[in-house]
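In this note's numbering, the protein residues as written are 151 to 602.
Heads up: the structure comes next, in structure tokens.
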């Protein structure tokens with residue numbers, strides 16, 4: 151299985167089928183699509199793959215249709231002008247399905263609305279109405295067709311917002327940049343440079359100061375050199391003259407992502423992928439574009455083979471430890487890293503949390519059960535040999551399960567405090583994504599209350 155969030159879609163869809171509501175509140179209808187596929191094909195990993203393929207197909211169709219809408223009046227238009235879909239269709243479709251469905255609707259919204267008028271053009275002088283009846287009829291039908299396309303564009307934009315508000319806000323941001331003359335870009339660049347210093351240093355928020363790492367470096371760490379190649383052509387690439395203004399808006403937006411505007415791992419990387427894919431509908435497909443596509447595809451495939459865990463977790467190593475953990479009678483809640491939690495919850499229908507247990511999690515714990523921790527990245531021997539100042543073992547029980555060790559959460563907290571006092575090298579592993587140590591941030595808690 152490719153995708154670091156794919157089993158979460160399975161968890162949400164199974165909850166819909168079994169209880170009629172989502173496991174975690176969410177207004178997006180994308181989980182209903184997964185639930186429908188489960189009804190048709192059954193609940194399985196294979197059905198999730200079908201969903202991913204369907205998502206990639208949806209993105210491909212939306213790009214082709216949007217390009218067709220913008221080029222239908224072009225002389226010499228042929229099927230070749232539609233081009234070949236970027237490999238990001240599969241990257242986004244398999245890694246971020248919810249975002250991809252919204253992005254498909256946004257792409258169609260752009261296709262139906264193009265050419266998009268600028269604010270200044272709305273107040274410019276227009277040509278006088280034609281005098282002949284034939285010309286008047288042509289003007290009426292053209293205007294009627296123009297209005298239908300605008301209405302259709304708004305319809306698709308609303309769907310994009312419904313599936314994923316972030317994608318709709320991205321589209322709105324591009325539209326704003328499209329309306330702003332280029333002479334104001336330096337001012338926007340300066341303000342963007344200052345933004346990271348104005349954000350609060352509070353990781354509990356969705357937006358916070360995270361300027362310790364250069365975003366494009368983080369993108370390279372996440373996806374390899376392919377993302378650098380695509381980013382370069384997003385910023386410095388060219389298009390046909392009629393697409394120039396929109397292409398410049400997308401390029402400038404891509405350039406702004408050099409700065410840590412958002413917490414990168416959470417938002418900015420996904421925005422960058424979306425911008426690159428949006429650019430595809432404005433690319434002039436020719437021999438040079440084929441070369442760019444070929445190199446991009448090769449670089450992404452190279453990264454997938456050399457560093458596959460950038461795109462997936464080692465799911466094949468999770469079944470045996472997951473099955474053993476699920477069979478522990480008093481295991482009321484498991485704390486584990488994000489990927490294991492979603493896999494474990496989907497495969498074994500047991501509660502799992504990829505955060506430090508908070509008041510809400512503890513209050514929902516079934517009576518007579520305990521909170522367990524799936525420790526990842528620390529050997530069984532290290533845990534077994536650990537003792538406090540009185541030579542008393544920290545762990546009352548340790549169950550070795552390959553790369554994972556199952557311990558009680560209360561014992562784990564004592565052990566982690568001991569590592570902090572000793573400033574142990576193992577603390578880097580004990581307080582990392584491998585072993586969650588932070589509570590659910592405030593924006594996730596708000597989502598559980600109102601679904602946003």
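Just so you know, even glycine gets a beta-carbon here, dropped at the ideal spot from N, CA and C.
Predicted model only: the values in this text are computed from it and were never measured.
Inset, instruction - Assign residue 584 to one of two classes, buried (16 or more other C-beta atoms within 10 Å of its C-beta) or exposed (fewer than that). - result: buried
Inset, instruction - Spell out the partners DSSP gives residue 502 in its beta bridges. - result: 484
Inset, instruction - Would you identify the three-state DSSP class for residue 590, choosing helix, strand or coil? - result: Coil at residue 590, not helix or strand.
Inset, instruction - Express the C-alpha separation of residue 191 and residue 197 in angstroms, rounding to a whole number. - result: 6 Å
Legend entry - Rounded straight-line distance, which links the Cα of residue 581 to that of residue 219: 51 Å
Legend entry - Touch test, the segment 174-190 against the segment 234-241, Cβ-Cβ under 8 Å, three pairs minimum: no
Inset, instruction - Give every residue of the same chain whose Cβ lies closer than 7 Å to the Cβ of residue 407, excluding the five residues on either side of it in the sequence, and list them in chain order. - result: 365, 418, 421 and 422
Legend entry - Collapsed DSSP secondary structure at residue 585 in the structure displayed: The answer is strand: DSSP assigns residue 585 an E or B state.
Inset, instruction - Give the DSSP bridge partners of residue 523, in chain order. - result: 485 and 557
Legend entry - Exposure label - residue 565; buried when at least 16 CB within 10 Å: buried
Inset, instruction - Rounded to whole angstroms, what's the CA-CA distance from residue 253 to residue 480? Just pull it up for me. - result: Each residue's alpha carbon lies about 43 Å from the other.
Legend entry - Limits of the beta strand (DSSP E) - the one that residue 549 falls within: Residues 549-551.
Inset, instruction - Determine the direct distance from the alpha carbon of residue 555 to that of residue 377, and round the result to whole angstroms. - result: 36 Å
Inset, instruction - Can you say whether residue 382 is buried or exposed, counting buried as having 16 or more other CB atoms within 10 angstroms of its CB? - result: When all chains shown are included, residue 382 counts as exposed.
Inset, instruction - Look at the Cβ atom of residue 317, then the Cβ atom of residue 249, and state whether they are nearer than 8 Å. - result: yes
Inset, instruction - On a CA-only basis, which of 449, 470 and 325 is nearest residue 373? Give me that one, please. - result: 449
Legend entry - Cβ separation of residue 212 and residue 314, assumed to be a contact under 8 Å, to the nearest whole Å: Actually they do not touch by this definition, with Cβ atoms about 14 Å apart.
Inset, instruction - Flag this pair as yes or no: are the beta carbons of residue 511 and residue 483 separated by less than 8 Å? - result: yes
Inset, instruction - May I ask which residues mark the beginning and end of the alpha helix (DSSP H) holding residue 101? - result: With the chain running from 151 to 602 in the structure shown, residue 101 is simply not present.
Legend entry - Residue environment, residue 590, which counts as buried when at least 16 other CB atoms sit within 10 Å: buried
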